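Keeping their order, the protein sequence lines are chains W and E.
Heads up: the first sequence runs through residues 1 to 437, numbered per full-length UniProt numbering.
Heads up: the second sequence runs through residues 1 to 417, numbered per full-length UniProt numbering.
Idealized CB from N, CA, C, for every residue including glycine.
As the structure is a prediction and not an experimental result, all values here were calculated from the model.
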Amino acid sequence: MSGGPPKALPSTGPQSLRDMPHPLAGSSSEEAVGGDSTPSPDLLTARSFGDKDLILPNGGTPAGTASPASSSSLLNRLQLDDDVDGETRDLFVTVDDPKKHVCTMETYITYRITTKSTRVEFDLPEYSVRRRYQDFDWLRNKLEESQPTHLIPPLPEKFVVKGVVDRFSEEFVETRRKALDKFLKRITDHPVLSFNEHFNVFLTAKDLNAHKKQGMALLTRVGESVKHVAGGYKLRSRPLEFAAIGEYLDTFALKLGTIDRIAQRIIKEEIEYLVELREYGPVYSTWSALEGELAEPLEGVSACIGSCSAALEELTDDTTEDFLPVLREYILYSDSMKSVLKKRDHVQAEYEAKLEAVALRKEERPKVPADVEKCQDRMECFNADLKADMERWQNNKRQDFRQLLMGMADKNIQYYEKCLMAWESIIPLLQEKQEDK
Amino acid sequence: MTESNFSLKKIEISVSEAEKRTGRNAMNMQETYTAYLIETRSVEHSDGQSVLTDSLWRRCSAFEWLRNYLLVYYPHVVVPPLPEKRAEFVWHKLSADNMDPDFVERRRIGLENFLLRLASHPILCRDKIFYLFLTQEGNWKETVNETGFQLKADSRLKALNATFRVKNPDKRFIELKHYSDELQSVISHLLRVRARVADRLYGVYKVHGNYGRVFSEWSAIEKEMGDGLQSAGHHMDVYASSIDDILEDEEHYADQLKEYLFYAEALRAVCRKHELMQYDLEMAAQDLASKKQQCEELATGGELFSIWVCGIIITNLKTFSLKGVTTQLFGQETPEQREARIKMLEEQIKEGEQQLKSKNLEGREFVKNAWADIERFKEQKNHDLKEALISYAVMQISMCKKGIQVWTNAKECFSKM
Numbered sequence: 001m002s003g004g005p006p007k008a009l010p011s012t013g014p015q016s017l018r019d020m021p022h023p024l025a026g027s028s029s030e031e032a033v034g035g036d037s038t039p040s041p042d043l044l045t046a047r048s049f050g051d052k053d054l055i056l057p058n059g060g061t062p063a064g065t066a067s068p069a070s071s072s073s074l075l076n077r078l079q080l081d082d083d084v085d086g087e088t089r090d091l092f093v094t095v096d097d098p099k100k101h102v103c104t105m106e107t108y109i110t111y112r113i114t115t116k117s118t119r120v121e122f123d124l125p126e127y128s129v130r131r132r133y134q135d136f137d138w139l140r141n142k143l144e145e146s147q148p149t150h151l152i153p154p155l156p157e158k159f160v161v162k163g164v165v166d167r168f169s170e171e172f173v174e175t176r177r178k179a180l181d182k183f184l185k186r187i188t189d190h191p192v193l194s195f196n197e198h199f200n201v202f203l204t205a206k207d208l209n210a211h212k213k214q215g216m217a218l219l220t221r222v223g224e225s226v227k228h229v230a231g232g233y234k235l236r237s238r239p240l241e242f243a244a245i246g247e248y249l250d251t252f253a254l255k256l257g258t259i260d261r262i263a264q265r266i267i268k269e270e271i272e273y274l275v276e277l278r279e280y281g282p283v284y285s286t287w288s289a290l291e292g293e294l295a296e297p298l299e300g301v302s303a304c305i306g307s308c309s310a311a312l313e314e315l316t317d318d319t320t321e322d323f324l325p326v327l328r329e330y331i332l333y334s335d336s337m338k339s340v341l342k343k344r345d346h347v348q349a350e351y352e353a354k355l356e357a358v359a360l361r362k363e364e365r366p367k368v369p370a371d372v373e374k375c376q377d378r379m380e381c382f383n384a385d386l387k388a389d390m391e392r393w394q395n396n397k398r399q400d401f402r403q404l405l406m407g408m409a410d411k412n413i414q415y416y417e418k419c420l421m422a423w424e425s426i427i428p429l430l431q432e433k434q435e436d437k
Numbered sequence: 001m002t003e004s005n006f007s008l009k010k011i012e013i014s015v016s017e018a019e020k021r022t023g024r025n026a027m028n029m030q031e032t033y034t035a036y037l038i039e040t041r042s043v044e045h046s047d048g049q050s051v052l053t054d055s056l057w058r059r060c061s062a063f064e065w066l067r068n069y070l071l072v073y074y075p076h077v078v079v080p081p082l083p084e085k086r087a088e089f090v091w092h093k094l095s096a097d098n099m100d101p102d103f104v105e106r107r108r109i110g111l112e113n114f115l116l117r118l119a120s121h122p123i124l125c126r127d128k129i130f131y132l133f134l135t136q137e138g139n140w141k142e143t144v145n146e147t148g149f150q151l152k153a154d155s156r157l158k159a160l161n162a163t164f165r166v167k168n169p170d171k172r173f174i175e176l177k178h179y180s181d182e183l184q185s186v187i188s189h190l191l192r193v194r195a196r197v198a199d200r201l202y203g204v205y206k207v208h209g210n211y212g213r214v215f216s217e218w219s220a221i222e223k224e225m226g227d228g229l230q231s232a233g234h235h236m237d238v239y240a241s242s243i244d245d246i247l248e249d250e251e252h253y254a255d256q257l258k259e260y261l262f263y264a265e266a267l268r269a270v271c272r273k274h275e276l277m278q279y280d281l282e283m284a285a286q287d288l289a290s291k292k293q294q295c296e297e298l299a300t301g302g303e304l305f306s307i308w309v310c311g312i313i314i315t316n317l318k319t320f321s322l323k324g325v326t327t328q329l330f331g332q333e334t335p336e337q338r339e340a341r342i343k344m345l346e347e348q349i350k351e352g353e354q355q356l357k358s359k360n361l362e363g364r365e366f367v368k369n370a371w372a373d374i375e376r377f378k379e380q381k382n383h384d385l386k387e388a389l390i391s392y393a394v395m396q397i398s399m400c401k402k403g404i405q406v407w408t409n410a411k412e413c414f415s416k417m
């Protein structure tokens, strides 16, 4: 959609695989701080919160109070490190420096991930690794698996189907980088997800592929249990508050979809307007060549229209690169949130079904069987996590959209200011000779 | 007639109303046409107040008659053009219907402009027929007809012929014709593209109106964000509807350009007249030259004549007969008849020389006067078009400022989300 050909990234060129350092094995940048060691096993276990609950639920009893361990340690964390906006922030992650890698089998882009943290879970205060999109995808899947009660932020789309977008063009890579940066920052800001061991590995491991192969099955108790919930239970009715969330998400996604279509339509119209302007301006130049006294004024008008055309092109580029991707991200976000809601429904359904089964057994009033209690735990834990995440999400959504829409307004203001300047500057040119007469 | 009182500084002309009428035409068929009310006011010096002196209705065809009359009687003048009869260079919103009120309104303004151009022209403003157009309600058409202007008009065919065959037109007129062709072409192109630009710009603005509706719907499901979204949506509606006025203003700019598009034709008419006169002159000179030659040949005889005679004798050698020779030499003519012919030719030559002299004079007068008016026209054109460009730039500036205003308002609403 932009005027010239997409700019390609500097690539590392086709070198022999042996000569080239593996891009994911380590970075030659100054920020590569110390240690080639992979995280030790005890660090792994110590890092995961709710560490008492590594054991699978069979036979284990819930520790202490009714509130599941994940929630209680969560609460502890929140009380200590809650203020992510203030000075108590202790984890900073950035995505930058995209590089193209050309190998015999494939060509791909890696991004540099820089982590700075004072958390105990990190051996070193700083890390710098390189990751490619696949790795982010892996991370997200792991997070979904291991934290099914939480809302996991979306990734930018894997494939770009529409149009002739060059996935190595500077514009595309930059858009993607921003989205990946946002993804990691959202996880960083999350009080539970940011402590996830997969996240840690992602940020720190020199050789991520080795970890992927290890297939860490270190799930939280809830994670594991949720995974095993049979899908056969059907929920009779969603509790009001979750029904409201579901309805909200449906309408929200719908409205965003409409806004996306409108924005695309505007871009299309603007581009067609641009095409006409590019023919319009030069006609004034042609006319100028015929004239004597009018030559300069006409040429001035032609130049003016040219400036406005350039400004318009910038506007459409910005809308395509900055506005649309964020909209699409939020649509993906609400889709994934809806599936989390469904999972929650399943957990509740299982609990209710088991509870009913017990009630029907007509035994003397025994204590509630252990597995029903576990179901109740799961459900309440899920509900609590989800509610907390929803509130967090609503807050972030409001800030994100505020910024996004203000940005859109800003770009339009800048466009008009550029045009205004162009036209105001030729008024003296147009008026000048008349006074000389 | 008191047209000597006709001082352009003391009168105001306006075409103040347009009215749709029905009537019967020459073939007694019903037709609809538009009539225009022309009001003339004389301005009193003392207090600057104007008094209505004349008021009458004219239909379009009357304006055309007036212009055609002026073209015939003032061929050295660049006669102001009439506004277009049919809406050309429309963009989609404008109706191409001639009865559309917006079009009729723009036509009214165009006709008023035409009359004001006439009134401000140093030569045309003194014309009697123009004066009567403004003042004589009935029988104006008969009066114009009596001037016989329709008969005096040069035929298109004659003009075309002259254009092709003229040998030595004034170089300045060749250049002027070339210029007017180019001007017509470039302004047409400009108007066409401008119409497309207007169309596209309309589309851009109107689509933003959809934001208004969707923001409103979205705000219904939001708590804190709701108000900001809703009010921003309102500004999007304002933005979308602002384009209508903007583009209407731009139509006036297009009309100014159109006037000069049509002026190109008026320039060409003057060039054509010059070519006609020049061609006429060249033909007259050629005719005179051939008559002189004829005369010479008849009267003087001479060596050429003898050679010619020998030629005839030689061709008649086969059947030599004096009778044959003399017949060929003189036809059936007798010497007396030949004398008569020579005398007639000599008279014609004298007449021809006088005619050529006066044609030459006429031609030079025409060139002088035409060129004076062309210079006047050039100044007018440069002034007018510069004004038009300035007003166009001002329109663009206003549009930009409105845009900044709307988006700044929207931004503020977003900031409150």
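>> In whole angstroms, give me the CA-to-CA distance for Tyr74 (chain E) and Glu265 (chain E).
In response: Answer to the nearest angstrom: the Cα atoms are 15 Å apart.
Practice task
Identify, in the order they occur along the chain, each residue of the same chain with its Cβ nearer than 8 Å to the Cβ of Lys185 (chain W), setting aside the five sequence neighbours on each side.
Solution key: Cβ within range, chain order: Val93.
Q.
Below 8 Å on C-beta distance, what does Tyr211 (chain E) contact in chain W?
A. Simply Ile259, Ile262.
- prompt: Using a beta-carbon distance below 7 Å, is Ser415 (chain E) in contact with chain W?
  reply: For Ser415 (chain E), the closest Cβ of chain W is nearer than 7 Å.
Quiz item: Can you list, in chain order, the residues of the stretch 188-219 of chain E whose Cβ is nearer than 7 Å to any Cβ on chain W?
Solution: Going along the stretch 188-219 of chain E in chain order, one finds His189, Leu190, Val193, Arg194, Arg196, Val197, Arg200, Leu201, Gly203, Val204, Val207, His208, Asn210, Tyr211, Val214, Glu217, Trp218 with a Cβ nearer than 7 Å to chain W.
Exercise. DSSP on Ala26 (chain E), reduced to helix/strand/coil?
Worked result: Correct three-state label for Ala26 (chain E): coil.
Review point. Quick one: which chain E residues come within Cβ less than 8 Å of Asn396 (chain W)?
Key: Those within 8 Å of Asn396 (chain W) in chain E number zero; the least Cβ separation is about 12 Å.
May I have a chain-ordered list of the alpha helix (DSSP H) segments no shorter than 4 residues that lie completely inside the stretch 184-247 of chain E? Considered as a whole, the stretch 184-247 of chain E harbours no complete run of any alpha helix (DSSP H) with no fewer than 4 residues.
- prompt: Along the chain, where does the beta strand (DSSP E) that runs through Asp97 (chain W) open and close?
  reply: Following the DSSP letters along the chain, one finds Asp97 (chain W) inside the beta strand (DSSP E) bounded by residues 91-102.
query = Mind listing which residues of the stretch 231-255 of chain E have their C-beta closer than 8 Å to chain W's C-betas, in chain order?
reply = The stretch 231-255 of chain E vs chain W, Cβ under 8 Å: Ala232.
Do you know how far the Cα of Lys338 (chain W) is from the Cα of Lys397 (chain W)? Using only the alpha carbons, I get a separation of about 16 Å.
inquiry  = Please report the straight-line C-alpha distance between Thr163 (chain E) and Leu157 (chain E), rounded to a whole angstrom.
reply    = Going from the Cα of Thr163 (chain E) to the Cα of Leu157 (chain E) covers about 10 Å.
- Rounded to the nearest angstrom, how far is the Cβ of Tyr69 (chain E) from that of Thr135 (chain E), given a contact under 8 Å? Their Cβ separation, rounded to whole angstroms, is 16 Å, which puts Tyr69 (chain E) and Thr135 (chain E) out of contact at 8 Å.
**Asked** Mind checking Ser16 (chain E): buried by the 16 CB within 10 Å criterion, or exposed?
**Response** Result: exposed.
- Message: Among W:Phe401, W:Ile427, W:Leu386, W:Asp410, whose alpha-carbon lies nearest the alpha-carbon of Pro191 (chain W)?
- Response: Checking every option, the nearest Cα to that of Pro191 (chain W) belongs to W:Leu386.
Next item on the list: Excluding the 5 residues preceding and the 5 following Trp91 (chain E) in the sequence, name in chain order all residues of the same chain whose CB lies nearer than 6 Å to its CB.
Entry: Taken in chain order, the residues that qualify are Ala195, Ala198, Asp199.
The stretch 402-423 of chain W: which residues have C-beta closer than 7 Å to a C-beta of chain E, in chain order? Taking 7 Å as the upper bound on Cβ-Cβ separation, chain E lies near residues Arg402, Leu405, Met406, Ala409, Asp410, Asn412, Ile413, Tyr416, Glu417, Cys419, Leu420, Trp423 of the stretch 402-423 of chain W.
| request: Report the residues of the stretch 148-159 of chain W with a CB closer than 9 Å to any CB of chain E, ordered along the chain. | output: For chain E, none of the residues of the stretch 148-159 of chain W brings a beta carbon within less than 9 Å of one of its beta carbons.
Euclidean distance between Cα positions of Ile267 (chain W) and Glu314 (chain W)
In a straight line, the C-alpha of Ile267 (chain W) is about 11 Å away from that of Glu314 (chain W).
Requested in this report: Indicate whether the contact test is met: 3 or more Cβ pairs, each with one atom in the stretch 183-194 of chain E and one in the stretch 216-229 of chain E, closer than 8 Å.
Outcome: Too few Cβ pairs lie closer than 8 Å, so no.
Could you tell me which chain E residues have their CB closer than 7 Å to the CB of Pro297 (chain W), listed as they occur along the chain?
The answer, in chain order, is Lys386, Leu389.
Review point. Measuring CA to CA, which of E:Ala410, E:Met399, E:Ser415 is closest to Arg402 (chain W)?
Key: The shortest Cα separation from Arg402 (chain W) among E:Ala410, E:Met399, E:Ser415 belongs to E:Ser415.
| field | Min CB distance Lys255 (chain W) to chain E below 7 Å | value | It does: the Cβ of Lys255 (chain W) has a partner Cβ on chain E nearer than 7 Å.
Quick one: give me the first and last residue of the beta strand (DSSP E) that Val51 (chain E) is part of.
-> Run containing Val51 (chain E): 50-59, per the beta strand (DSSP E) assignment.
### Message
Between Glu282 (chain E) and Lys167 (chain E), how many whole angstroms is the CB-CB distance? I'm expecting something under 8 Å.
### Response
Indeed they touch by this definition, with Cβ atoms about 6 Å apart.
task = To the nearest angstrom, report how far apart Ser29 (chain W) and Ala210 (chain W) are at their CA atoms.
result = Because the pLDDT of Ser29 (chain W) is 38, which lies under 50, any placement of that residue in the model is unreliable, and the number read from its coordinates should be weighed accordingly. Annotation: Ser29 (chain W) to Ala210 (chain W) spans about 22 Å, alpha carbon to alpha carbon.
CB Arg117 (chain E) to CB Pro83 (chain E), shorter than 7 Å? No, they are not a contact pair.
Checklist entry - In whole angstroms, what is the alpha-carbon distance linking Lys343 (chain E) and Ser358 (chain E)? => result Pairing Lys343 (chain E) with Ser358 (chain E), the inter-Cα distance amounts to about 23 Å.
**OP:** Can you give me the Cβ contacts of Gln294 (chain E) inside the same chain, cut-off strictly under 8 Å, excluding the 5 residues immediately before and after it?
**Re:** For Gln294 (chain E), where only same-chain residues beyond five positions count, the Cβ hits under 8 Å are Leu345.
Burial state of Asn200 (chain W), where buried means 16 or more other Cβ atoms lie within 10 Å = With 16 or more Cβ atoms within 10 Å of its Cβ, Asn200 (chain W) is classed as buried.
Where DSSP assigns a beta bridge to Glu17 (chain E), which residues make up the other side?
Beta-bridge pairing links Glu17 (chain E) to E:Leu37.
### Task
Hey, could you find the ends of the alpha helix (DSSP H) Ile109 (chain W) is sitting in?
Where Ile109 (chain W) is concerned, there is no enclosing alpha helix (DSSP H), although the beta strand (DSSP E) it sits in stretches over 107-117.
**Asked** Is Pro428 (chain W) helix, strand or coil by DSSP?
**Response** It is helical.
query: Hey, is the stretch 339-347 of chain W in contact with the stretch 420-431 of chain W, meaning 3+ C-beta pairs nearer than 8 Å?
result: By the Cβ criterion, the stretch 339-347 of chain W is not in contact with the stretch 420-431 of chain W, since fewer than three pairs of Cβ atoms, one from each stretch, lie closer than 8 Å.
Notebook entry, point to check: How far does the alpha helix (DSSP H) with Tyr74 (chain E) in it reach, from first residue to last?
Noted result: It is not in any alpha helix (DSSP H) - Tyr74 (chain E) carries neither H nor E in the DSSP assignment.
### Query
Does the stretch 240-250 of chain W come close enough to the stretch 260-279 of chain W that 3 or more CB-CB pairs lie under 8 Å?
Cβ pair count under 8 Å is below three, so no.
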